[in-house]
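Numbering (our numbering), first residue to last: 11 to 465.
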Amino acid sequence: MTSDNSTTRQPRILVVDDDSDVLALLAKWLKDEKFDVVTVSSGKDALAQIGITRPDLVLTDLVMDEMDGMALLSEIHRQKPLLPVIMLSGQAKIPDAVKATHLGSSAFLTKPVEKDELIEQIRKHLHLSGDNSNGKIPFGEDIIYRSSVMAELIEQSRAVADSDITVFITGETGTGKEILAKAIHDASPRRDRPFIGVNCGAIPEQLLESELFGHEKGAFTGAMTQHDGLFKAADGGTLFLDEIGDMPLDLQVKLLRVLQDFQVRPVGSVRSVPINVRIISATHNNLEQAVKEGTFRADLYYRLKVVPLSIPALRERPEDIELLLDYYLERFSRKRGEPKKSFSPEALSHLISAPWPGNVRQLINVVDLCATMNKTDIIPLSMVQKALGEEEGDLRTLKDAKHSFERDYLISVLQLTKGQVASSARIAGRNRTEFYKLLNAHNIDPADFRKPPGN
Ligand SMILES: Nc1ncnc2c1ncn2[C@@H]1O[C@H](COP(=O)(O)OP(=O)(O)OP(=O)(O)O)[C@@H](O)[C@H]1O
Ligand SMILES: [Mg+2]
Numbered sequence: 011m012t013s014d015n016s017t018t019r020q021p022r023i024l025v026v027d028d029d030s031d032v033l034a035l036l037a038k039w040l041k042d043e044k045f046d047v048v049t050v051s052s053g054k055d056a057l058a059q060i061g062i063t064r065p066d067l068v069l070t071d072l073v074m075d076e077m078d079g080m081a082l083l084s085e086i087h088r089q090k091p092l093l094p095v096i097m098l099s100g101q102a103k104i105p106d107a108v109k110a111t112h113l114g115s116s117a118f119l120t121k122p123v124e125k126d127e128l129i130e131q132i133r134k135h136l137h138l139s140g141d142n143s144n145g146k147i148p149f150g151e152d153i154i155y156r157s158s159v160m161a162e163l164i165e166q167s168r169a170v171a172d173s174d175i176t177v178f179i180t181g182e183t184g185t186g187k188e189i190l191a192k193a194i195h196d197a198s199p200r201r202d203r204p205f206i207g208v209n210c211g212a213i214p215e216q217l218l219e220s221e222l223f224g225h226e227k228g229a230f231t232g233a234m235t236q237h238d239g240l241f242k243a244a245d246g247g248t249l250f251l252d253e254i255g256d257m258p259l260d261l262q263v264k265l266l267r268v269l270q271d272f273q274v275r276p277v278g279s280v281r282s283v284p285i286n287v288r289i290i291s292a293t294h295n296n297l298e299q300a301v302k303e304g305t306f307r308a309d310l311y312y313r314l315k316v317v318p319l320s321i322p323a324l325r326e327r328p329e330d331i332e333l334l335l336d337y338y339l340e341r342f343s344r345k346r347g348e349p350k351k352s353f354s355p356e357a358l359s360h361l362i363s364a365p366w367p368g369n370v371r372q373l374i375n376v377v378d379l380c381a382t383m384n385k386t387d388i389i390p391l392s393m394v395q396k397a398l399g400e401e402e403g404d405l406r407t408l409k410d411a412k413h414s415f416e417r418d419y420l421i422s423v424l425q426l427t428k429g430q431v432a433s434s435a436r437i438a439g440r441n442r443t444e445f446y447k448l449l450n451a452h453n454i455d456p457a458d459f460r461k462p463p464g465n
C-alpha cells in the first residue's frame with residue numbers, strides 16, 4: 011500500500027522538445043534541482059502525459075514538427091486552464107511572445123536559455139519562490155457568494171487574473187459576467203490602465219468595425235475626423251467584448267485577424283498599428299450551438315475560449331441567495347439612510363426557491379422594490395410575490411403592464427377626486443381633452459366615482 015504524499019512530493023515537470031539533445035540537457039538541469047521530470051518529444055505525447063502523470067508545470071519548445079508549442083499551449087489551456095506552461099523559443103519574436111501570453115503561457119524564454127533563469131521562472135510559476143505577491147491583491151471584493159461552485163470559479167478567476175491570458179465568460183443574463191471581468195482586470199498587472207467594455211450586440215453593424223478598430227478621416231460618409239477605436243483606447247488595459255455572440259460574421263473574421271496578429275487596421279487606413287490589450291469576452295448565448303449552426307466562427311471561438319469561465323445561474327446556487335439579499339438590503343438602506351429591513355421567514359424561503367430567470371440583477375430589483383414599497387421593517391411573503399411578479403402569473407409584456415398600470419392609476423385619481431375630471435386631469439398633468447381620451451381608452455366613466463358608495 012502506498013500513500014499519496016502529494017503534499018511532500020517534488021513538483022513534477024513535463025518537458026516537451028523534439029530535439030533529443032535539448033531534451034536531455036533540460037531534464038538534467040531539472041533533476042539537479044530535485045524536480046520530478048517527465049520528458050516527451052511531441053505535443054501529442056505531451057497531451058497524453060498530462061492526463062496520466064499530472065505534471066505541475068509544462069516546459070515546451072515553440073517550434074516542433076506536427077503540433078507546435080502554440081497549438082499545444084491552446085490545447086493545454088482548453089483542458090487545464092490553470093496548469094502553468096513555460097515556452098522556449100529559438101528566436102526572440104515579439105509577436106510570438108505576445109501570442110503565447112494571450113494563449114496563456116506563464117513565461118516565454120528565448121534560447122539559449124540560462125539554467126539559473128529557467129529554474130527561477132519555474133520556481134516562480136510553481137509559486138515556490140519566497141515572494142508570492144499573488145495572494146496580496148484582493149480579488150472581486152464586491153462579488154458576494156457562499157456556494158462552493160462560486161468559490162471554485164473565483165479561485166480560477168483569481169489564478170488567471172495575473173497574466174494576459176484570454177478569458178471567456180459565459181452565464182445567463184444578470185449572473186455577473188461583467189463584474190467578474192472587471193474583477194479580473196482589477197487584479198491584473200493592467201489594473202492601472204483602462205478597462206473598456208463594448209456591447210457587440212448594441213452597436214449597429216456598420217459602426218461596430220470603426221468603433222473597435224478606429225477609422226481615418228474621410229474613411230466613409232460621416233467620418234469627419236480620425237477616430238482611434240476601442241482597441242486603441244484600451245491600450246495597456248483590458249478590452250471587454252460583451253455579447254460577443256452577437257458579432258456579425260464578417261466582423262468576426264476581422265477580429266480573428268486582430269487576435270492572431272495583435273495589430274489593428276483602422277477603417278480606411280493602409281497601415282496596421284500594434285495593439286496591447288488583454289481580451290475578455292462574454293456571452294449569454296450558447297456559442298457551441300452557434301458554431302454548429304454556422305453563425306459563429308469556430309476558429310474565433312477557440313481563440314477566445316482559452317480560459318472558459320462559466321457562471322452558474324442563481325437557481326443553481328441557492329446558498330448564495332440569502333447572502334445576496336442581505337447584502338443588497340443593507341446597501342439599499344444605507345443609501346436611503348433608513349433602518350435595515352428584513353424578510354419574513356416565509357418570504358425568505360420563497361425567495362430562496364424562486365427560479366430567478368434574471369439572476370442577480372433581478373434579485374437586486376426585487377430587493378429595491380420590496381424595500382421601497384414596504385412601509386414596515388419586516389417584508390412579508392405577499393410583497394415578495396408581488397415584486398417577483400407572481401401575482402399576475404407569468405411576466406407580462408411592457409405594453410400590457412403599462413396599460414394595467416395606467417388603468418389602476420386613473421381609477422385611484424378618480425377615487426381621490428370623487429370623479430372630478432378637471433382636478434383629476436390636473437393631478438395627472440394632462441389637459442381635460444387628453445384626460446377624457448385616456449378614460450375612453452380604458453372604458454372608465456367618471457360618473458361612477460361621483461356616486462356615494464353603496465348606492
Ligand atoms: N455575486 C454577486 N455579488 C454581488 N453583486 C452581483 C453578483 N453578481 C452580479 N451582481 C450584480 O448584479 C448585476 C448584474 O451583474 P452583471 O452586469 O455583471 O451581469 P451580466 O451577466 O453581465 O448580465 P447581462 O447578461 O445582462 O449583461 C450588477 O449590478 C452586479 O453588480
Ligand atoms: Mg453584462
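Here a beta-carbon is modelled for each residue, glycine too, at the ideal position from N, C-alpha and C.
It should be emphasised that the depicted structure is a prediction, and the values quoted were computed from it without experimental measurement.
The C-alpha of Leu373 is placed about 13 Å away from the C-alpha of Gln395. By the CB criterion at 8 Å, Phe178 and Gly255 fall outside the cutoff.
Around the C-beta of Asp309, fewer than 16 other C-beta atoms lie within 10 Å, and the residue is accordingly described as exposed. Between the region 191-206 and the region 365-383, the count of Cβ pairs shorter than 8 Å is below three; the stretches do not touch. For Asp245, the CB contacts under 8 Å within the same chain, skipping 5 residues up- and downstream, are Arg203, Pro204, Ile285, Asn286 and Val287 in chain order.
Within the same chain, and ignoring the five residues on either side of Val108 in sequence, the residues whose Cβ sits closer than 6 Å to its Cβ are Phe272. Judged by DSSP secondary structure, Pro328 falls outside any alpha helix (DSSP H); it is assigned neither H nor E.
Under the 8 Å Cβ criterion, the region 352-366 does not count as touching the region 409-418, having fewer than three qualifying pairs. Val26 carries a strand assignment under DSSP once its states are collapsed to helix, strand and coil. DSSP places Ser422 inside the alpha helix (DSSP H), whose first and last residues are Leu408 to Thr427. Nearest in C-alpha terms to Glu215, of all of Met257, Glu226, Asp238 and Pro456, is Met257. Three or more beta-carbon pairs drawn from the region 308-322 and the region 165-181 are found closer than 8 Å, and the two stretches are therefore classed as touching. In the DSSP annotation of this structure, the continuous segment of the beta strand (DSSP E) that includes Thr120 starts and ends at Ala117 to Thr120. Rounded to whole angstroms, the gap between the alpha carbons of Ser291 and Arg341 is 29 Å. Taking the C-beta atoms as reference points, Leu297 is found nearer than 8 Å to Tyr311. Contact annotation, Val48 with Arg22: C-beta distance approximately 7 Å; criterion of less than 8 Å satisfied.
One alpha carbon belongs to Pro328, the other to Pro91, and they sit about 27 Å apart. Listed in chain order, the beta strand (DSSP E) elements of length 3 or more contained wholly in the region 133-213 are 177-180 and 205-209.
Excluding sequence positions up to five before and after Tyr338, its CB lies within less than 6 Å of the CB of Ile374 and Val377, all in the same chain and listed in chain order. Under a 10 Å Cβ-count criterion, Asp458 is classified as exposed, with fewer than 16 other Cβ atoms of the shown protein chains found around its own Cβ.
Annotation for Pro318: the continuous beta strand (DSSP E) segment containing it runs Val317 to Ser320. Within the model, the alpha-carbon separation for Val423 versus Asp172 is close to 59 Å. His137 counts as exposed, since fewer than 16 other C-beta atoms from the protein chains shown sit within 10 angstroms of its C-beta. Excluding its 5 nearest sequence neighbours in each direction, Lys41 has C-beta neighbours in its own chain below 8 Å: Val47, listed in chain order. Ala292 carries a strand assignment under DSSP once its states are collapsed to helix, strand and coil.
In chain order, the residues with a C-beta atom nearer than 5 Å to some heavy atom of ligand 1 are Ile153, Ile154, Thr183, Gly184, Thr185, Gly186, Lys187, Glu188, Ile189, His294, Val370 and Arg371. Closest option to Val32, judged by alpha-carbon separation, among Ala229, Lys54, Ser99 and Glu43: Ser99. Going by C-alpha positions, Ile206 is about 19 Å away from Asp152.
Counting along the chain, no alpha helix (DSSP H) covers Asp387, and no H or E run does either. With respect to Glu444, Leu391 sits apart: the two C-beta atoms are not nearer than 8 Å. Rounded to whole angstroms, the separation of the alpha carbons of Val431 and Pro456 is 7 Å. The C-beta of Ala117 has 16 or more other C-beta atoms within 10 Å across all chains shown, which makes the residue buried. Of the heavy atoms belonging to ligand 2, at least one sits nearer than 7 Å to the Cβ of Asp252.
In the structure shown, the three-state DSSP call for Leu69 is strand. Within the region 248-303, the beta strand (DSSP E) runs of at least 3 residues that lie entirely inside it are, in chain order, 248-252 and 288-293. Judged by beta-carbon spacing, Phe223 lies within the 8 Å limit of Phe241, meaning their Cβ atoms are closer than that value.
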